[in-house]
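Participant: So that we are looking at the same thing, I have put the structure below in structure tokens.
Protein chains in written order, with the numbering used here: chain A, 1 to 113; chain B, 114 to 222.
Structure follows, in structure tokens:
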């Protein structure tokens, strides 16, 4: 079955710690995205990538980093510089180009210990 | 910042009624529009996409687009308890999507 796999489902971060959220897709999509969702709010774009080895900052990139070394994978690191990381993190992918719908993984819930 | 505004909820409708959800957007050049359904604690699921002015029907869902008024809506006919969810409007924005905050719908049995 084709889809987007995010792991882990739940993640806890200690003060001063960096954590990495995994996102893997087997849909053969070129474009991948990371969003953050806070309770009662819509999705805010953190980073996106239209092609391997290239990515751009979204609206709230501060305190986050990404890499895109493989077409299938787009991991997100939440660094210690992100002071309010508690949120629901969603990874999405799409065919590259304008006007394409995005499809989402099941998400990772990150909390502070 | 390109904005997407949705009518504030929550919206409560009786089973079998029509639920009407509205969305306005600020960027006149947007060409594609999407509705996602998000159940509590789950990820968004694409339910409708619309690219041209007018209506598009898919089962009990109808999306309506009016680019001149910068307005897109979603109608859910014969609402069922399983339609209880938050509905997110998304608008294309330079190879990205901008999302509204969502409207929560509760269908009363």
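Note that the Cβ used here is the ideal one computed from N, Cα and C, for glycine as well. Bear in mind the structure is a predicted one, so any value in this text is a computation, not a measurement.
#1: With DSSP as the reference, label residue 67(A) as helix, strand or coil.
#2: Mind pulling the chain B residues with CB within less than 7 Å of residue 104(A)?
#3: What residues from chain A crowd round residue 210(B), counting only those whose CB sits closer than 7 Å?
#4: Of all the residues that make up the region 146-177 of chain B, which are near chain A by a beta-carbon distance shorter than 7 Å?
#5: According to DSSP, is residue 123(B) part of a helix, a strand, or is it coil?
#6: Would residue 140(B) pass as an interface residue toward chain A - the criterion being a Cβ-Cβ separation below 8 Å?
#7: So, is the C-beta of residue 27(A) closer than 8 Å to a C-beta in chain B?
#8: Along the region 28-48 of chain A, what residues have a CB closer than 7 Å to any CB found in chain B?
#9: Once DSSP output is grouped into helix, strand and coil, what is the label at residue 143(B)?
#10: Compare the C-beta of residue 85(A) against all C-beta atoms of chain B and say whether one is closer than 8 Å.
#11: Measure the alpha-carbon distance for residue 176(B) versus residue 82(A) and round it to whole angstroms.
#12: Report buried or exposed for residue 182(B), applying the criterion of at least 16 other Cβ atoms within 10 angstroms of its Cβ.
#13: Which one of 74(A), 73(A), 103(A), 75(A) has the shortest CA to CA distance from residue 94(A)?
#14: Using 10 angstroms around the beta-carbon of residue 113(A), count the other beta-carbons present and answer buried if the total reaches 16, otherwise exposed.
#15: State the Cα-Cα distance for the pair residue 149(B) and residue 133(B), rounded to the nearest angstrom.
#16: Does the separation of the CB atoms of residue 51(A) and residue 61(A) fall below 8 Å?
#17: How would you list, in chain order, the residues of chain A whose beta-carbon sits under 7 Å from the beta-carbon of residue 214(B)?
#18: Count the other CB atoms within 10 Å of the CB of residue 166(B); is the residue buried (16 or more) or exposed (fewer)?
#19: If you follow the beta strand (DSSP E) that residue 45(A) is in, where does it begin and where does it stop?
#20: I want to know whether the region 119-126 of chain B touches the region 151-167 of chain B - three or more CB-CB distances under 8 Å.
Facilitator: Checking against the coordinates, here is how it stands:
#1: It is coil, neither helix nor strand.
#2: In chain order: 156, 157.
#3: Ordered by position in chain A, the residues that pass the 7 Å Cβ test against residue 210(B) are 102.
#4: For the region 146-177 of chain B, which is checked against every Cβ of chain A, the residues closer than 7 Å are 147, 156, 157, 159, 162, 164.
#5: Coil, per DSSP.
#6: Using beta-carbon distances, residue 140(B) does not count as an interface residue toward chain A, since no partner is under 8 Å.
#7: No - not a single Cβ of chain B is within 8 Å of the one on residue 27(A).
#8: Those residues of the region 28-48 of chain A that come within reach of chain B (Cβ to Cβ, closer than 7 Å) are 41, 42, 43, 45, 48.
#9: In the three-state reduction of the DSSP assignment, residue 143(B) falls in the coil class, being assigned neither a helical nor a strand state.
#10: No, its Cβ sits nowhere closer than 8 Å to a Cβ of chain B.
#11: For residue 176(B) and residue 82(A), the distance between alpha carbons rounds to 38 Å.
#12: Note on residue 182(B): under 16 other CB atoms within 10 angstroms of its CB, so exposed under the neighbour-count rule.
#13: For residue 94(A), the nearest C-alpha among the options comes from 103(A).
#14: Within a 10 Å sphere around the beta-carbon of residue 113(A) sit fewer than 16 other beta-carbons, which makes this residue exposed.
#15: If I take the Cα positions, the gap works out to 14 Å.
#16: For residue 51(A) and residue 61(A), no; Cβs fall outside 8 Å.
#17: Those within 7 Å of residue 214(B) in chain A are 41, 42.
#18: Counting Cβ neighbours within 10 Å, residue 166(B) comes out exposed, since fewer than 16 surround it.
#19: Residue 45(A): member of the beta strand (DSSP E) spanning 43-51, first to last residue.
#20: No, because fewer than three Cβ pairs between the region 119-126 of chain B and the region 151-167 of chain B fall closer than 8 Å, the two stretches do not touch.
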